[in-house]
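Everything below concerns the one structure shown next.
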Amino acid sequence: MFQRVLVANRGEIALRVIRACRDLGIETAVVYSEADRGAPYLALADRAICIGPPPSADSYLNIPRIIAAAEIAGADAIHPGFGFLSENSRFAHIVRESGFEFIGPSEQSMEAVGNKDKAKAIAKKAKVPTVPGSDGLLGSVEEAIRFARQVGFPVLIKAAAGGGGRGMRVARDEGELAKGFEDAKREAEAAFKDGSVFLEKYLDQPRHVEVQLLGDKHGNVVHLFERDCSLQRRHQKLVEESPSPHLPDKVRREMCDAAVRLAKAAEYYNAGTCEFLLDKDNNFYFIEVNARIQVEHPVTELVTGIDLIRQQIRVAAGEKLGFSQRDIVHRGSAIECRINAEDPAKDFRPSAGLITKWQVPGGPGVRVDTHVVPGYRVPSNYDSMVAKLLVFQPTRAEAIATMRRALREFVVEGIQTTIPLHQQIFNTQAFVEGKVDTTFIERTFLHPKGK
Ligand code: MV4
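The working numbering applies: residue 222 is where the sequence shown begins, and numbers increase by one.
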């Protein structure tokens, strides 16, 4: 097992990794930027190392500085958390070439699944359903039009190197397709230095359901069931839950088995997620793999009882998974609300600054993952998430009641947060009935019909 881990991230996930290491008896060194100097969570690591000024490019995204910190700390492994360098296969490669273990997948599988077009090809080989489309990159507008005629409009142009909805264009007819093709290519070239695009049939109001995977370096892969992440705004998730409401058992089984087949075909190890879109008839289609631990991983920890960060560290150290698929039992209902320092009344404008009052909910069935304490100053340089509020109860109805109670207990002053929006969501009948899809937030709160 590792003796010392370098935590190459900040905030809530840095603290989550520090805690997992402490539980395992592993020492930690955590990096920080000047914007995070003096942050209380840093004191919970054995050591904190400043790696540069506030801009991410000069600190949390700066590979040489992070490698230098690992050397200074005498670490034997690096945990990248999520965001920042977590899905950068070149970083994983450099970490390993520098003599440290990267707590994540192999750089080969990161590269394979990091490209959506390649990931889709692996999915097809593993007999995992994919959205009908071009089955490869588009060479020209003419080719795009040919595929669009085959699958029928509307279609979606996607960037092969894309993520989080960037480089995507919907086209409802040939005119829109010609323009969308060029726009998507240009946007992808600018954002990812890779203008490759492919085409898919556009699914109407899909649900977003993802399967948590865990693999070791000995070829064992298990799934830890699904999370429904349909409640999003502009590709930022707001609420995640497990199980996915109204998902038939047969579909769940097939989707989870498909995710495991895909991971095995990609020789995937460590934690990962297989994302699917679900249409109204519960047909599922693979869309992409997230080759990292995700923000919403605690939802899965609550319903399975498995500590995913601890498992990441163990398999990275070469241990075999200590359980098989049939040992993993899904129990109860877990829901997560992302509490962001944003003002929902002002188009979700970031609301950085001093938190003057901070009272966190507790009691039965409540878990709060946060690095924030009263008097904490939210820096304006990074992601706006300040806490993850989770509930766990035997049934979804009880989980919703506990979430309403917890949201009521949560007091934050000095900054604006997404708490009031969550209170509205949990009082909306369609949500309570589990009638969720990826257009719910926009339809319900942002462009309500008749307004
Ligand atoms: C789609 C889609 C409809 N049809 N693909 C958005 C980001 C990326 N993860 C995939 N995305 C979508 N792909 C086809 N063929 C709709 C979306 C989509 C979406 C997906 C998941 C969660 C929220 C979303 C919001 C808008 C669009």
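Idealized CB from N, CA, C, for every residue including glycine.
query = Does the distance from the C-beta atom of Phe446 to that of Pro466 stay below 8 Å?
reply = Here residue 446 refers to the residue found at position 225 of the sequence shown. Here residue 466 refers to the residue found at position 245 of the sequence shown. No; because the gap between Cβ atoms is not below 8 Å, this pair is not in contact.
query = Around the ligand MV4, what residues have a beta-carbon under 5 Å from a heavy atom of it, in chain order?
reply = Val352, Leu377, Gly386, Glu421, Tyr423, Leu424, His429, Gln453 and Thr659
Host alpha helix (DSSP H) of Ala480 (start-end) = Taking the first residue of the sequence shown as position 1, residue 480 is located at position 259. Asp470 to Ala486 is the extent of the alpha helix (DSSP H) around Ala480.
key: Outcome for Ser545 when other beta-carbon atoms lying within 10 angstroms are tallied against a minimum of 16   = Locating residue 545 in the sequence shown gives position 324, counting from the first residue. Exposed, by the Cβ-count rule.
request  = Taking Arg625 as part of the alpha helix (DSSP H), name the residues at either end of that continuous run.
outcome  = Indexing the sequence shown from 1 puts residue 625 at position 404. Looking at the DSSP string, the run of the alpha helix (DSSP H) that includes Arg625 is Arg617 to Glu630.
ask   = In or out: Asn648 buried (at least 16 other Cβ within 10 Å) or exposed?
value = Within the sequence shown, residue 648 is the residue found at index 427, counting from 1. Flag for Asn648 reads exposed.
key: Between the CA atoms of Gln533 and Met222 - distance to the nearest angstrom   = Here residue 222 refers to the residue found at position 1 of the sequence shown. Here residue 533 refers to the residue found at position 312 of the sequence shown. The straight-line gap from Cα to Cα measures roughly 12 Å.
query = Where does Gly388 sit, in a helix, a strand or coil, going by DSSP?
reply = Within the sequence shown, the letter at position 167 stands for residue 388. Coil.
key: Strand pairing of Ala250, partner residues [DSSP]   = Walking along the sequence shown from the start, residue 250 turns up at place 29. Looking at the DSSP assignment, Ala250 forms a beta bridge with Leu227 and Arg268.
query = Is it true that the CB of Val252 sits closer than 8 Å to the CB of Val226?
reply = By 1-based counting over the sequence shown, the position of residue 226 is 5. By 1-based counting over the sequence shown, the position of residue 252 is 31. Their beta carbons are not under 8 Å apart, which means Val226 does not touch Val252 by this criterion.
inquiry  = According to DSSP, simplified to helix, strand and coil, what is Val657?
reply    = If you number the sequence shown from 1, residue 657 lands on position 436. Of the three classes helix, strand and coil, the one that applies to Val657 here is coil, per DSSP.
key: CA-to-CA distance, Ile343 to Ala492, given in whole angstroms   = By 1-based counting over the sequence shown, the position of residue 492 is 271. By 1-based counting over the sequence shown, the position of residue 343 is 122. Rounded to the nearest angstrom, the two C-alpha atoms are 18 Å apart.
Local Cβ density within 10 Å of His300, reported as buried at 16 or more and exposed below that = On the sequence shown, residue 300 is found 79 positions in, with the first residue counted as 1. When all chains shown are included, His300 counts as buried.
ask   = So what's Lys606 in DSSP terms, helix, strand or just coil?
value = Taking the first residue of the sequence shown as 1, we reach residue 606 at position 385. Note that residue 606 is Met in the sequence shown here, rather than Lys. Strand at Met606.
key: Closest Cα partner of Val316 within the set Gly302, Ala296, Ala340 and Ile288   = As a first step, residue 316 is located in the sequence shown; it is residue number 95 there, counting from the start. Out of Gly302, Ala296, Ala340 and Ile288, Ile288 has the C-alpha closest to the C-alpha of Val316.
request  = Kindly provide the ranges of any alpha helix (DSSP H) runs that are 4 or more residues long and lie completely inside the stretch 311-373, ordered along the chain.
outcome  = 328-335, 337-346 and 362-372
request  = Can you give me the Cβ contacts of Glu461 inside the same chain, cut-off strictly under 6 Å, excluding the 5 residues immediately before and after it?
outcome  = By 1-based counting over the sequence shown, the position of residue 461 is 240. Hits under 6 Å: Arg448, Cys450, Glu517, Val520 and Glu557.
request  = Let me know the secondary structure DSSP gives Val587 once reduced to three states.
outcome  = Within the sequence shown, numbered from 1, the residue matching residue 587 stands at position 366. Strand at Val587.
query = Taking the DSSP output, what are the residues bridged to Gly493?
reply = Here the question's residue 493 lines up with position 272 in the sequence shown. Paired residue(s): Leu434.
inquiry  = Output needed for His592: all residues of its chain with C-beta closer than 6 Å, excluding positions within five of it in sequence on either side, in chain order.
reply    = Within the sequence shown, numbered from 1, the residue matching residue 592 stands at position 371. Hits under 6 Å: Gly232, Glu233, Leu236 and Tyr262.
ask   = What span of residues does the beta strand (DSSP E) with Ala538 cover, start to end?
value = For the purposes of this step, residue 538 is taken as residue 317 along the sequence shown, with counting starting at 1. Element bounds for Ala538: n/a, residue is neither H nor E.
ask   = Do Cys477 and His429 have their CB atoms nearer than 8 Å?
value = Start at 1 with the first residue of the sequence shown, and residue 477 comes out as number 256. Start at 1 with the first residue of the sequence shown, and residue 429 comes out as number 208. No, these two residues do not count as a Cβ contact at 8 Å.
task = Say yes only if the C-beta of His314 is nearer than 7 Å to one or more non-hydrogen atoms of the ligand FAD, and no if none qualify.
result = The ligand FAD is not part of the structure shown, which contains the ligand MV4 as its ligands.
Within 8 Å, strictly: CB atoms of Glu248 and Asp267 = Position 27 of the sequence shown, counted from the first residue, corresponds to residue 248. Position 46 of the sequence shown, counted from the first residue, corresponds to residue 267. It is a contact, given that the beta carbons lie within the stated cut-off.
inquiry  = Using the three-state DSSP reduction, which class does Gln546 fall into: helix, strand or coil?
reply    = For this step, residue 546 is matched to residue 325 along the sequence shown. The answer is helix: DSSP assigns Gln546 an H, G or I state.
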